[in-house]
Every structure is written in structure tokens, then in C-alpha cells.
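Some notes on the structure that comes next.
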Amino acid sequence: MSTTSEPQLPADLLDTRLIQEQGLRGYVTGFASRLRSGDLGSMPVVVGLVVIWLVFYLQNDVFLSSRNLVNLALQSAAIGTISIGVVLVLLVAEIDLSVGSVSGVSAAVLAVGFVNKSWPLVMAVAVAILVGTAIGLLYGLLYTRFGVPSFVITLAGLLGFVGLQLKVLGDTGSINIPFDTWLVKFAQQAFLPASVAYALAVAVPALYAVSRVLGNRRRAAAGLSTQPVVDIGVRAGLLLVALLIGTWYLNQDRGVSAMFLLFLALVVVMDMLLRKTRWGRSVYAIGGNVEAARRAGIAVNRVYVSVFVLCSTFAALGGVLAAARGAVAGQSSGGGDTNLNAIAAAVIGGTSLFGGRGSAYSALLGVLVIQSISSGLTLMNLDSSVRYMITGAVLLLAVIIDSLSRRSRRSHGRA
Amino acid sequence: MTATTTDHGTGPTDARSTGPVLSLTGISKRFGAVQALSDVSLEVRAGEVVALVGDNGAGKSTLVKVIAGVHPPDSGRVEVEGWPVTIDSPAAAQRIGIATVFQDLSLCDNLDVVANLFLGNEALHGPTMDEVEMERRSWELLRQLSAKIPSVRVPVASLSGGQRQTVAIARSLLGNPKVVMLDEPTAALGVAQTAEVLNLVETLRDQGLGVLLISHNMADVLAVADRVVVLRLGRNNGDFEVPHTTNEEIVAAITGATNNAVSERSRRTAQRHADQEAQP
Ligand SMILES: Nc1ncnc2c1ncn2[C@@H]1O[C@H](COP(=O)(O)OP(=O)(O)O)[C@@H](O)[C@H]1O
Ligand SMILES: [Mg+2]
Numbered sequence: 002m003s004t005t006s007e008p009q010l011p012a013d014l015l016d017t018r019l020i021q022e023q024g025l026r027g028y029v030t031g032f033a034s035r036l037r038s039g040d041l042g043s044m045p046v047v048v049g050l051v052v053i054w055l056v057f058y059l060q061n062d063v064f065l066s067s068r069n070l071v072n073l074a075l076q077s078a079a080i081g082t083i084s085i086g087v088v089l090v091l092l093v094a095e096i097d098l099s100v101g102s103v104s105g106v107s108a109a110v111l112a113v114g115f116v117n118k119s120w121p122l123v124m125a126v127a128v129a130i131l132v133g134t135a136i137g138l139l140y141g142l143l144y145t146r147f148g149v150p151s152f153v154i155t156l157a158g159l160l161g162f163v164g165l166q167l168k169v170l171g172d173t174g175s176i177n178i179p180f181d182t183w184l185v186k187f188a189q190q191a192f193l194p195a196s197v198a199y200a201l202a203v204a205v206p207a208l209y210a211v212s213r214v215l216g217n218r219r220r221a222a223a224g225l226s227t228q229p230v231v232d233i234g235v236r237a238g239l240l241l242v243a244l245l246i247g248t249w250y251l252n253q254d255r256g257v258s259a260m261f262l263l264f265l266a267l268v269v270v271m272d273m274l275l276r277k278t279r280w281g282r283s284v285y286a287i288g289g290n291v292e293a294a295r296r297a298g299i300a301v302n303r304v305y306v307s308v309f310v311l312c313s314t315f316a317a318l319g320g321v322l323a324a325a326r327g328a329v330a331g332q333s334s335g336g337g338d339t340n341l342n343a344i345a346a347a348v349i350g351g352t353s354l355f356g357g358r359g360s361a362y363s364a365l366l367g368v369l370v371i372q373s374i375s376s377g378l379t380l381m382n383l384d385s386s387v388r389y390m391i392t393g394a395v396l397l398l399a400v401i402i403d404s405l406s407r408r409s410r411r412s413h414g415r416a
Numbered sequence: 426m427t428a429t430t431t432d433h434g435t436g437p438t439d440a441r442s443t444g445p446v447l448s449l450t451g452i453s454k455r456f457g458a459v460q461a462l463s464d465v466s467l468e469v470r471a472g473e474v475v476a477l478v479g480d481n482g483a484g485k486s487t488l489v490k491v492i493a494g495v496h497p498p499d500s501g502r503v504e505v506e507g508w509p510v511t512i513d514s515p516a517a518a519q520r521i522g523i524a525t526v527f528q529d530l531s532l533c534d535n536l537d538v539v540a541n542l543f544l545g546n547e548a549l550h551g552p553t554m555d556e557v558e559m560e561r562r563s564w565e566l567l568r569q570l571s572a573k574i575p576s577v578r579v580p581v582a583s584l585s586g587g588q589r590q591t592v593a594i595a596r597s598l599l600g601n602p603k604v605v606m607l608d609e610p611t612a613a614l615g616v617a618q619t620a621e622v623l624n625l626v627e628t629l630r631d632q633g634l635g636v637l638l639i640s641h642n643m644a645d646v647l648a649v650a651d652r653v654v655v656l657r658l659g660r661n662n663g664d665f666e667v668p669h670t671t672n673e674e675i676v677a678a679i680t681g682a683t684n685n686a687v688s689e690r691s692r693r694t695a696q697r698h699a700d701q702e703a704q705p
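Residue numbers (the working numbering), protein chains in the order written: chain A, 2 to 416; chain B, 426 to 705.
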């Protein structure tokens, strides 16, 4: 066999047609060719974010101050959490237009349960989140049983759950959640002690490096090619430097917000689930080709239900976080631009509307773009009319990039 | 019957193992106003390539989908190695040992070769997927098929038609099936790629699998098939042993020049005699 005649080559590098370039140069050329063929990933949004930050910084240098960045993190957590769920439904090529209303219902349940009905706070939070889970289950069953397009189901939900929110609130317009509850303290005043933040900033790259080295060992044992140790070292090093500088800079002000860290943790966990588990693989497969997934024996309906359930649950959790941060829930909770921002964040972050492409990190990157625009324009004393128009334009740009890169992938055989 | 049911786990008796590995009798399937299949029967033995041929719309793909559990039949019996089975889902078909390469390829373009090969069957390493093991087995499988795929970590969309077909065929072999069905595997391929796929079909037969090959192309069929089964308008219309048949005979059964092979043969013989007599 060919392996015995060329024992030095790993099994996956035997084919002579495989264009294999090693080292940094190989990395750069590979990246460039991926870009040319329309495999953009999170490139556009990262570039966009850098441009936005630069532009606003040049307008007003307060924009990149520690204080403003800490605020940005605080403002991003709730919408970002909702957006994680939107990423999931987009990955299976569906949509949930009702995440805003669901977050509103959940906020209303939380406030009415805790303040008016005097439930224990833990119970009020749990019930509020479970309301989202139940709504997602309902969506999932409607979708899989009756085959109604998710667009229509969730549009009905958008209206229906605004109604439910008003019903739950009754005569009360808005309910204040006391500042001395752990929930509000967590959202407004909980920041990581500097030591813990730095420990995390070191632990994460270390974990990354260790897991890559262990992965390399397993690959080598299986006779497959390995990632060069230098490559792992450089990546871990860059990550370490970025995290240390970020932590140091945020610590100049209040530091790393606990609520933002919760959001980050949810993004990371969701990303792991999507990339590493069979469930995640089936989510991507369904988004790529449902029929293929079904024929591969994947319980497609169960995956759809799980995705709708997760989406509405994330929406409800986002509603709780928003209520906690504002220390209030009312008729306007989840209203206004909550819905559109959460959906736009997922798309702007690079999750394709056509399904099967994107990652949990889209929620993080997208929400940072949206909140940066909002924060920057506020600093420039521009009102919401401009904010809406600019956010709309950015969303449009993201969708155009998505459509163009899809077309380019097709012509470059990377559809 | 009681004796055989307790016997079930130990597998078929000798008499059965020499019988067909897949056997269909009286399969009917209706889509609304279209009776796509009426009373179709078919047998495939281990180590045998059976070609299923017929005109467009004859019901070939429908029969494949019935066997693959995509469309459960309205009536009829399916037996695998002599045991009656119910195939009500693609997963059930896979469990029973029937693997299918569908006409519309059924690959996920956004996933890489490894992910497509193991879709729905991912190897696990604790709670997560074992990518290393899956990649190793992918190479093993592809080499066993002498397949030419440059990298298993590229999206399948970037592969050529023949390579995609190879991935689809390799994918069907992962569950160690007894029968592999290929629906028009060469329809969209060039000459060299077609030859590659036909080689694969022979590899499968040599490994002792029953192969059901659906094709439009008579040259392909006669090149690799041991037996040809003709469907016409959703019914059986002939069953030919390849060494003892001709292209014309099969084409006649496909186009319905006759109702069955026997009358066709006698009609042709009669025709030949008549021709000879007409010659001076
Ligand atoms: N899902 C379906 N719904 C309705 N009619 C179908 C369906 N699938 C196949 N048919 C019909 O069944 C008949 C046989 O089709 P098919 O099995 O695809 O033929 P073949 O593969 O031999 O060309 C055709 O008349 C086709 O229109
Ligand atoms: Mg067909």
C-alpha cells in the first residue's frame, strides 16, 4: 500500500494534487484564496467593526475610552443573548421574528411574579425563562406538525406575545425591580475582580494551546497531519496578548462585567455545541440540505424543535437580562428595536440567511457592531432617526455581502 | 414460525444465505393520481450487480426510495436475507443493511467530506464527535475504494462530479451494508469519471455486496451488471441474465415493444424467419 512506501507522509497529505503550503506564508495564501472564493466567514464584520471604531474615535475620542467600552459591554449582553438564538434558527435556514416580543413577555412575567405576586426571585427568573422554552416548543411543534413556514408562525407570535405581555402586566404600565436584588446587582454592578479577570485571560489561551497539543497527539497517533507547534504558539500568544490588553483596559474603568461574561460564556458554549457535538453537526447539515440530513437518518424534526426551543429560551433570558439591567419591566420591554437589533446582529455578524453557514460568534460580533453604532451616534449627539438609518444600511450591506459571497462560493465550488 | 423467531438473532439458515439478500414482492406505491409502482418484484443476491432500467418516469427512483425508506410502500413484502422487514424510515433501512446513493446526491454542500461521510453516524469521543477517528476512517475507506480525493477537509461543493459521487458511494458503505443501491450514479458524469464509478461498482460486488444499479445508459449496464430488471410504467417488464441477452432485447422491454421478454423473443425469432424467407 502507498502508506508503506511513503511512511513519512500523513494519510491526509498523500495526494500530490493537494496544494500544501507550510508555515505563515501558507497560512496567508490559504486565507487569501478562501477570501477570493467567497468563503468570508467573520472577515467582513471584523473589518467593519474596526472601521466603525476608528471612525467614531476620530469623531470623539471618548468613544474608545475604558468607560465607554465598559458601557458598550453592558449594553450588548441582553441583545447579544437574544441574538445567539437567532443565529441558531438562521443556521437551520429558518427565522424567528418574535424574539423581541418573547423577551418582553419574559420580562413581564419576571416583574409581575417577583414584585406583584412576591414569588422568590429565583423562581420568578426560572418561570420567566421557562415561558420562553414553552413558546419555543409551541413554535417547533407548529412548524414540524403543520409545516407552516417559521416566518408566518413567528410573525403571529410577534403579535400574539405582545398581547400576552400586556395581559400579564394588566393595568400596570411598568414595574420597577428593586435595586438591592441580586438580579439587578448582577446586571448593573457586578464586575470581575481584577485578579479573576487576569486569571481568565491567561487560562483561556492556555486551555486552547493544551487542547490543540493534545489534539495533535491524537492526530499523529492516527497517522494524520498535525498543526505546527509554532502555529499553535503564535495563535495562543496573540489571543493571550489581546485578552490581557482588553482586560487591562476595561479594568481602568469598572472592569469586565459579569453579565457580559455570562453572554460570552453562552457564546463559547453554543459554539462548542455547534462545532463539536452530533447535534451541532445536524444543525449545519439541516441548514445545508434538509433532505440529505433526513436521508442520513437524522431526526430532523427533533432538531428543528430543539432549535426553536433554544431560540425562544435565549430570547426569554435576554428579556430577563434587559429587565435586570434597566431594573424595570413594562409595556415597552422587548419593544422598539429589540427585535430587529437581535435579528440584524446575527446577520451582520456573518450568519447566512440561506442556512448552514455561520457561528455563535456572529451574535457577539454583530451585537458589538450594532451597539457601537448606537453608542457612537449618541456621543455625536445624533438622535435615533440617524441611528435607525445607519443600522439599516449596515444590515443591508451585511445581507449583500452574504448574497455575493454565496454566489462567489458557487462559482468557486465552495457553495 | 416459533422456532425461527427464537432463531432470529443467530441469522439465516444455510438455505436462506444462498437465497437473495434483498427480495421484494408485490410492491405498489401511489402518489395521488399516479400509480408509480404496481405489483413490482425484484431480487438481489450477494455479490451480484442487478441493473434496474426503464424509461423516464418508469418508477425506478420511486422503487429505490421505497427500499430506502423514504416513501413507505402502500403494499408489498420486503425481505432481507429471507427475513420479512418493515422499512418505514431511512434510519430503518440503514439499520437493516440497505445503503442508498440517491439520484439527487444527498450531500450537504456546506459540510466537508468527513462530515458528509459520517453524517448521522458520527464517531464519538466522550460527548463530542471524534474528528480524528472519523478522518482516519475516511482515508481508510477512500483508499479501499481507490478513490481520488485530494483533501477530506474541503466542503464537498468544491469537488468534481465524480468525486462527489465517490463520496456518496463511500458514505453508503460506512454502515457495512448488505445491499447498496445506486440511483443513476453516472448520469451527470464524463467518460473518465463514469469509468471510475463503474470500477467502484465492481469493487462493491467483489466485496460480496448486493448492488442494485439504476441507469439509463445501456453501455454502463452491460459493462457491469450480472442481471437486468426492466420496469415499464411502474410494472415489471422483463428480467435478463446479461451474458444471455442483447441490447436490443432490453431496449425493446424498456420501450414496450413487447409485453414480456418471452413473447419478444418468439416474435423476433418469427420475424427473423420471415425475413429469411423474404430474402431471395
Ligand atoms: N414525490 C412524488 N409525488 C408525486 N409523484 C411522484 C413523486 N415521485 C415520483 N412521482 C411520479 O412517479 C412516477 C415515477 O417517477 P420516478 O420513480 O422518479 O421515475 P424514474 O426514476 O424511473 O425516472 C412519475 O410519474 C413521477 O411523476
Ligand atoms: Mg429517477
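All C-beta atoms, glycine included, are put in the ideal place defined by N, C-alpha and C.
Spatial neighbours of residue i in its chain, beta-carbon cut-off 7 Å, leaving aside the 5 residues before and after
i	result
Lys-490 of chain B	His-496
Ala-195 of chain A	Asn-252 and Gly-256
Ala-294 of chain A	Ser-283, Ala-286, Ile-287 and Val-301
Asn-642 of chain B	Thr-611
Pro-8 of chain A	Interpretation of Pro-8 of chain A is limited by its pLDDT of 47, a score under 50 that renders its predicted location unreliable; no figure is taken from the coordinates.
Check: residue i C-beta below 7 Å from any heavy atom of ligand 1
i	result
Val-459 of chain B	yes
Lys-168 of chain A	no
Ser-99 of chain A	no
Asn-481 of chain B	yes
Thr-487 of chain B	yes
Phe-527 of chain B	no
Phe-456 of chain B	yes
Gly-708 of chain B	Any question about residue 708 of chain B goes unanswered here, given that chain B covers just 426 to 705.
Three-way DSSP call (helix, strand, coil) for residue i in this model
i	result
Ile-1 of chain A	Outside the modelled stretch of chain A, which goes from 2 to 416, sits residue 1 of chain A, for which no answer is possible.
Lys-454 of chain B	strand
Val-257 of chain A	coil
Met-606 of chain B	strand
Arg-697 of chain B	helix
Ala-317 of chain A	helix
Gly-507 of chain B	coil
Thr-525 of chain B	strand
Glu-560 of chain B	helix
Ile-85 of chain A	helix
Gln-332 of chain A	coil
Ala-612 of chain B	coil
Gln-460 of chain B	strand
Met-273 of chain A	helix
Ser-119 of chain A	coil
Cβ-based neighbour list, residue i, same chain, cut-off 6 Å, excluding 5 preceding and 5 following
i	result
Asn-302 of chain A	Thr-145
Leu-240 of chain A	Pro-206
Ile-299 of chain A	Ser-283
Val-622 of chain B	Gln-590, Pro-610 and Thr-611
Met-271 of chain A	Ile-85 and Ala-361
Val-605 of chain B	Ala-524, Ser-597, Leu-629, Leu-634 and Val-636
Residue i CB to nearest heavy atom of ligand 2 below 7 Å
i	result
Asp-272 of chain A	no
Lys-490 of chain B	no
Glu-609 of chain B	yes
Gln-590 of chain B	no
Residue i at chain E interface by Cβ criterion, 8 Å
i	result
Arg-220 of chain A	No chain E appears in this structure, whose protein chains are A and B.
Near-chain A residues of the stretch 504–536 of chain B - C-beta to any C-beta below 7 Å: Pro-515, Ala-516, Gln-519, Phe-527, Ser-531, Leu-532, Cys-533, Asp-534, Asn-535 and Leu-536
Residues within the stretch 219–248 of chain A neighbouring chain B, beta-carbon criterion of under 9 Å: Arg-219, Arg-220, Ala-222, Ala-223, Gly-224 and Leu-225
Chain A contacts made by the stretch 589–611 of chain B, where a contact means CB separation under 9 Å: Arg-596
Chain A contacts made by the stretch 538–555 of chain B, where a contact means CB separation under 9 Å: Ala-540, Asn-541, Phe-543, Leu-544, Gly-545, Asn-546, Glu-547, Leu-549, His-550, Pro-552, Thr-553, Met-554 and Asp-555
Segments assigned alpha helix (DSSP H), at least 4 residues, entirely inside the stretch 282–311 of chain A: 291–296
Within 7 Å of chain B by C-beta, residues of the stretch 272–286 of chain A in sequence order: Lys-277, Thr-278, Arg-279, Arg-282, Tyr-285 and Ala-286
Residues in the stretch 193–206 of chain A having any Cβ partner in chain B nearer than 7 Å: none
Alpha helix (DSSP H) runs contained entirely in the stretch 204–264 of chain A, provided each spans 4 or more residues: 230–252
Proximal residues, the stretch 453–473 of chain B versus chain A, C-beta separation under 9 Å: none
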